[in-house]
Amino acid sequence: MNRETETTPHVSRLTLHDLRKVKSESENENNVSHFTSHASRLVQNMIEEKNIETTNEVLVKVEGLSKKFCKDLKTSLWYGVKDLISNIHGNKNERLLRDKEFWAVKDINFELRRGECLGLIGHNGAGKSTLLKILNGLINPDAGKVTIKGRVGALIELGAGFNPILSGRENIYNNGAVLGFTKKEIDAKVEDIIDFAEIREFIDMPVQNYSSGMKVRLGFAVAVQMEPDVLIIDEVLAVGDVSFRAKCYDKISKIISNCAIIYVSHSMPSINRISTFVMHINKGKSKIFYNIGEGINEYLFTSTNQHKNIKFSIPEVTIDNFPEIIAVRTSNEIYYQFDLKVVGFKFKNASLYLNILSGDQLPICFNYIQISDEIDSKRKFIFHVEKNLLASGEYYVSIVIYDNGGREQVLWYQNITKIKVEGENHFRAPIIIDGKWKIV
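Shown next as structure tokens:
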């Protein structure tokens, strides 16, 4: 495996030979202004070529990347000794799985250019953190090649890279030095970092006394204010409060044109907001989607399949004969029906709620009906929507029954029906507003 990091800046194409040639032509014509205009055009051409190259510049290239782990500690230590001896003798590590081993990531391939953001999605344990640690040089893969051009700023784990006994200010200088900045360069940025992190009052306090949110603030501020070429952000931003997360997203939108970003999150709205394309990792294997909506749907399908049809209810109250899938087009009517079975139970001021959730389990809309106290047998409930206002996409139905004026939950059926809506939706909003336009 090879992990290469390139830090050599791009060499200008405007050479001394070019200027001498222009100067010679200018002297022959005895025209100083001619020399100036020629040089100016060369400089302009160089700038335009530089901009084109920078825009298309590949900063991260991953080829055939694989990493395996062992499920048993003693066996893992034994394999480590064997692999160390093999490396000393110049032998390559085995690429086949041995007893109790598994692939954390397998054959990962992608390119990330300046100005792009790769959204990395997948359920817990899929291999996302393993990939990030390899990219950040924390662990070595068993096969494949990683090429990274320029400085790398990473916010992978809470407090990672911080020395807990040093102050926040001292850790800023340590992290800046690791990224290759001189003390003078860090001096010029340290105040901006402190202001962005909003922890000036505590900047000279040991980091071990920081809260989780303070560590995230400082870690993110160092990562982005140092202006890295490649920025790696794991889901640690979920620890921050709402206002700081908004501040982070605003900063990301400002710096993305000058760097490449790898962003990991379980929040699909944030993935959809800043990603240029997404990679879905499932059981160590990856799939790239340049249509972000398709990638999110793939992630949600594999994730919700693992916990769909969650049912909770008291034994006396159950729901049956509900559809598993409904296919409908935007603006068409919807009929949804199911049977409510009540045996030996008396409702007291009960309500049944039908909730429609997005693929990532965010509530979209709901409706409800009061349940008669006299229901004590099997009844069919039919919910009719004359005009479907859901935009194209996949949604899930959840049914909840509250009794005793909403103080007691007697039934909760989650994701019991998938609604597949077909139609045009260019903006990916979940609801189409029903209204009429008039131009005057």
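0 is the number of the first residue of the sequence shown in numbering that gives the first Met the number 0; add one for each residue after it.
Think of the CB as a built atom: it goes at the ideal place given N, C-alpha and C, for glycine as much as any other residue.
Just so we're clear, the structure is a prediction, and the values are computed from it rather than from any experiment.
Taking the alpha-carbon positions, what's the residue i to residue j distance?
i	j	result
Ala428	Gly114	25 Å
Arg339	Thr317	Per the sequence presented here, residue 339 reads as Leu, with Arg not at that position. Roughly 6 Å between the two C-alpha positions.
Pro205	Ile192	17 Å
Lys253	Phe288	24 Å
Asn123	Ile355	25 Å
Gly121	Leu299	9 Å
Val31	Gly167	Only weak support is given to the placement of Val31: the predicted model assigns it a pLDDT of 46, under 50, and the value that follows is read from those uncertain coordinates. Between Val31 and Gly167, the C-alpha separation is close to 56 Å.
Ser211	Ser266	19 Å
Leu389	Glu332	11 Å
Leu137	Gly405	51 Å
Asp186	Met225	11 Å
Ile438	Ile431	20 Å
Pro227	Asp203	25 Å
Asn296	Thr416	16 Å
Lys282	Phe201	42 Å
Gly343	Ala125	46 Å
Asp98	Asp82	15 Å
Leu72	Pro322	47 Å
Phe109	Thr146	11 Å
Leu95	Phe161	37 Å
Thr275	Glu190	31 Å
Leu76	Gly89	20 Å
Trp436	Tyr172	58 Å
Ala245	Val80	47 Å
Drop a sphere of 10 angstroms on the beta-carbon of residue i, count the other beta-carbons inside from all chains shown, and report buried for 16 or more, exposed for fewer.
i	result
Asn170	buried
Cys247	buried
Val241	exposed
Phe445	No information on residue 445 is available, as it lies outside the stretch 0 to 439 that the chain covers here.
Phe337	buried
Gly175	buried
Tyr209	buried
Asn135	buried
Gly434	exposed
Phe243	buried
Lys148	buried
Arg365	In the sequence as displayed, the identity of residue 365 is Phe instead of Arg. Label assigned to Phe365: exposed.
Ser371	exposed
Ile84	exposed
Asp402	buried
Val341	buried
Based on Cα-Cα distance, which residue from the options lies nearest to residue i?
i	options	result
Leu117	Phe365, Lys286, Thr329	Lys286
Asp313	Ile324, Ile400, Glu323	The residue you asked about is not Asp; residue 313 is Ile in the sequence shown. Minimum Cα distance to Ile313 is reached at Ile400.
Val61	Ile261, Ile368, Asp186, Trp411	Ile261
Ile374	Leu389, Asn348, Gly392	Asn348
Leu217	Tyr352, Pro227, Ile198	Ile198
His66	Asn174, Lys386, Gly294, Ile133	The question names His, but residue 66 in the sequence shown is Lys. Nearest C-alpha to Lys66: Ile133.
Ile324	Glu407, Ile418, Pro268	Ile418
Leu320	Arg378, Gly160, Glu423, Ile147	According to the sequence provided, residue 320 is Asn. The question's Leu does not apply to it. Checking every option, the nearest Cα to that of Asn320 belongs to Arg378.
Phe180	Arg150, Glu190, Phe201, Ile202	Arg150
Gln369	Gln360, Phe380, Asn55	Phe380
Glu421	Ser371, Tyr394, Ser85, Leu76	Tyr394
Gln408	Ile84, Glu315, Leu361, Ser75	Glu315
Leu361	Asn290, Asn173, Pro268, Ala245	Pro268
Taking 6 Å as the limit between beta carbons, can you name the residues of its chain near residue i, skipping five residues before and five after?
i	result
Leu64	Ile107, Pro140, Gly143
Ser376	none
Trp411	Phe311, Val399
His383	Tyr334
Gly294	Val277, His279, Phe288
Gly358	Leu299, Glu393
Asn86	none
Thr301	Asn281
Hey, residue i and residue j are a contact pair by Cβ (cut 8 Å); roughly how many whole angstroms apart?
i	j	result
Lys127	Ile363	Their Cβ separation, rounded to whole angstroms, is 27 Å, which puts Lys127 and Ile363 out of contact at 8 Å.
Asn414	Ser391	At roughly 19 Å, the Cβ-Cβ gap does not stay under 8 Å, so Asn414 and Ser391 are not in contact.
Ala220	Phe195	4 Å
Val59	Val327	Val59 to Val327, Cβ: 42 Å. No contact.
Ala103	Thr129	4 Å
Can you list, in chain order, the residues of its chain whose CB lies under 7 Å from that of residue i, leaving out five sequence neighbours each side?
i	result
Thr35	Reliability of the predicted coordinates at Thr35 is poor, the pLDDT of 46 falling under 50, and the value obtained from them is presented with this limitation in mind. Taken in chain order, the list of residues that qualify is empty.
Ile251	Ile260, Ile273
Val255	It should be pointed out that residue 255 corresponds to Ile in this sequence rather than to Val. Taken in chain order, the residues that qualify are Gly114, Cys116.
Lys386	Ser330, Glu332, Asp433
Lys284	Lys105
Gln207	Pro163, Ile164
Arg112	Asn55, Glu56, Val57, Leu58, Ala259
Looking only at its chain, what residues have a beta carbon closer than 8 Å to the beta carbon of residue i, apart from the 5 residues adjacent to it on each side?
i	result
Leu131	Leu119, Ala153, Ile155, Ile231, Asp233, Ile261, Val263
Tyr367	Ser350, Leu351, Tyr352, Leu353
Glu100	Lys67, Phe68, Cys69, Lys70, Tyr78
Glu423	Thr329, Ser391
Val177	Gly160
Glu184	Gly175
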